[in-house]
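Below is one structure, written out as structure tokens, with a few remarks after it.
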Amino acid sequence: MVSLVSVVALGTPFVVELDGVTPTEVSQFVESWARCSGELVSEAPEGATVLRAIVTAPPSAAAPDAPLESPVSATSGAAVPPPSAEPAPGLAPAPAPAPAPAPAPAPDVITAVSFRALADQLSGLITRTAIDAQRNSLLMLHAGAVADPATGNVVAFLGPSGRGKTTASIALGRAFGYVTDETLAVRDDLSVLPYGKPLSVKQPPPERWKDQVSPATLGLRVPPPALRLVAVLLLDRRPASGSDVEPGIRSVSLTESIGEVVEQISYLSHRDRPLERLQAVFAACGGLQQVTYSEAETLVPLVRSLFADAERARGTTPSVRSIATDIIRDGDSVIALSGTTVRVISGIAPTILEHARLPRTLTQLETAVVEAHGEAPGDRTAELLAAAVAELVTSELLEWMPGEPDPDRP
């Protein structure tokens, strides 16, 4: 039985015809593409690109050296003769047949002997086809990216395959909003088209195919709807040797990095004045920067500081406010009602929630947390505060407010 799954990738609609796939695997495919509007459909939407994907029996399962059968007539069983150009004796020539309608474009077909292989090949095919469809309208970087849940600001991290984009997307996507691990589509006004595809996770040898894992399964946060690029990083991952490399960041000129950068841009030459437009994008993001690190988790504070720098440059400061419908204190804990869900929270979260009855910036909340609990060891107060706020937003106890002019900015 063939299952139809619709997907929207980089603004391009697709329908994937899954054949030879179990119901469980169909559900897995739909879930993995859920953030790209993946859903089961009964028929292909008009204008969608159709991709046919088939899991076939392994070659060893087929009968060896099976003879090819000749086409046969459905009625007589005799071999169908080739059509003759001459009429039968004694019969008038038949009228010329009406021209046949132009056939619909044949769908792209891929086959594989396992669902894992099929899903991996489909991910690449959908991405390549979507990039091709947008080649004249968007700057498309071979990059991962995450977004600030408060502002929609986006930090992209650029690099070839094997440089660590997917690993960084997972580590950063748990702290911020996951935008993509593969292709970042940027308009000339720096707005970003999200591509929340499944993440392609490598498996241990000898498995050659990557698992296509849903962002939700990995605990990656959903980005806000309006996204804007504010920083572009070149990844320089260094293997740890005895001790991890502390993340370091430096500005790099386009002259210094152009050889590496152009290899990570799809269809660069298809756009008008591509180098000028590329330079303008990087300049609007404060210039291209290179980040050196060993473990992706250590990038979280660095990316958080980039988001803060972007807001300071704009002269605005986002805030949060409580949206809990009822809050009571019980000792060191707070019991909060959100909708129909009751939650018990402890640690610094009660202080945050109580002070956010009115909109509060992170700076204001940090002051309140330090007054109530003291500084966190290792100068980690800001980091722990941001993590607690993110968790309260996910739990629907807080919500972000649009940035307002920073009262501390001269």
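First residue of the sequence shown? That's 11 in my numbering, and the numbers climb one at a time after it. Backbone N, C-alpha and C fix where the C-beta goes; we use that ideal spot for every residue, glycine too. Bear in mind that the values here come from a model prediction, so they are computed numbers and not experimental data.
Report buried or exposed for residue i, applying the criterion of at least 16 other Cβ atoms within 10 angstroms of its Cβ.
i: GLU376; result: buried
i: PRO159; result: buried
i: ASP426; result: The displayed coordinates of the chain run from 11 to 420. Any statement about residue 426 would go beyond what the structure contains.
i: ALA227; result: Note that residue 227 is Thr in the sequence shown here, rather than Ala. It counts as exposed.
i: GLY174; result: buried
i: ASP191; result: buried
i: THR350; result: exposed
i: LEU408; result: buried
i: HIS152; result: buried
i: PRO33; result: exposed
i: ILE358; result: buried
i: PRO387; result: exposed
i: LEU213; result: In the sequence on display, residue 213 carries Gln and not Leu. That one is exposed.
i: ALA396; result: buried
i: GLU53; result: exposed
i: VAL51; result: exposed
i: ASP130; result: buried
i: LEU368; result: exposed
i: GLY154; result: buried
i: GLY187; result: buried
i: VAL379; result: buried
i: LEU402; result: buried
i: THR335; result: exposed
i: GLY258; result: exposed
i: GLY325; result: exposed
i: GLU266; result: exposed
i: GLY48; result: buried
From the DSSP output, which residues share a beta bridge with residue i?
i: ARG260; result: GLN300
i: LEU347; result: ASP336 and VAL352
i: HIS152; result: THR193
i: GLN222; result: SER210
i: SER201; result: ARG238
i: ASN163; result: ARG238
i: PHE24; result: VAL17 and THR59
i: PRO385; result: Looking at the sequence itself, residue 385 is Glu, so the reference to Pro does not match. Its beta-bridge partners do not exist; DSSP assigns none.
i: SER329; result: THR371 and MET411
i: ASP246; result: THR302
i: LEU395; result: DSSP lists no partner for LEU395.
i: LEU168; result: ALA153 and LEU244
i: VAL119; result: ARG62
i: LEU50; result: VAL15
My assumption, with CB atoms under 8 Å, is that residue i sits in contact with residue j. Please give the rounded CB distance.
i: HIS8; j: ARG145; result: Since the first and last residues shown for the chain are 11 and 420, residue 8 lies out of range.
i: VAL31; j: VAL65; result: 6 Å
i: LEU182; j: VAL202; result: LEU182 to VAL202, Cβ: 15 Å. No contact.
i: GLY162; j: ALA44; result: About 21 Å separates the two Cβ atoms, so there is no contact after all.
i: PRO23; j: SER16; result: 7 Å
i: VAL196; j: LEU245; result: Incorrect: roughly 18 Å between the Cβ atoms, too far for contact.
i: PRO233; j: SER42; result: Not quite, the Cβ-Cβ distance comes to about 17 Å (not below 8 Å), so this is no contact.
i: ALA346; j: ILE337; result: 5 Å
i: LEU363; j: VAL344; result: 6 Å
i: ARG331; j: MET411; result: 6 Å
i: SER430; j: GLN222; result: Residue 430 lies beyond the residue range present for the chain, which begins at 11 and ends at 420; the question has no answer from this structure.
i: LEU1; j: VAL272; result: A query on residue 1 cannot be resolved here, the shown segment of the chain reaching from 11 to 420 and no further.
i: LEU28; j: ASP118; result: In fact, because the Cβ distance is near 14 Å, the residues do not count as touching under 8 Å.
So what's residue i in DSSP terms, helix, strand or just coil?
i: LEU228; result: coil
i: LEU402; result: helix
i: LEU14; result: strand
i: ARG314; result: helix
i: PHE186; result: coil
i: ASP342; result: coil
i: MET411; result: strand
i: ASP130; result: helix
i: ALA366; result: coil
i: ASP282; result: coil
i: PRO91; result: Below a pLDDT of 50, predicted positions are generally treated as unreliable, and PRO91, at 40, falls in that range; the measurement from the model is reported next regardless. DSSP places PRO91 in coil when its eight states are reduced to three.
i: GLY30; result: coil
i: SER147; result: coil
i: SER276; result: strand
i: GLY269; result: helix
i: ARG322; result: helix
i: GLU217; result: coil
i: ILE358; result: coil
i: ALA140; result: helix
i: SER442; result: For residue 442 there is no data in the structure shown, the boundaries of the chain being 11 and 420.
i: ARG287; result: helix
i: ARG45; result: helix
i: ALA67; result: coil
Using a beta-carbon distance below 8 Å, is residue i in contact with chain E?
i: ALA400; result: Among the protein chains of the structure shown there is no chain E, as only one such chain exists.
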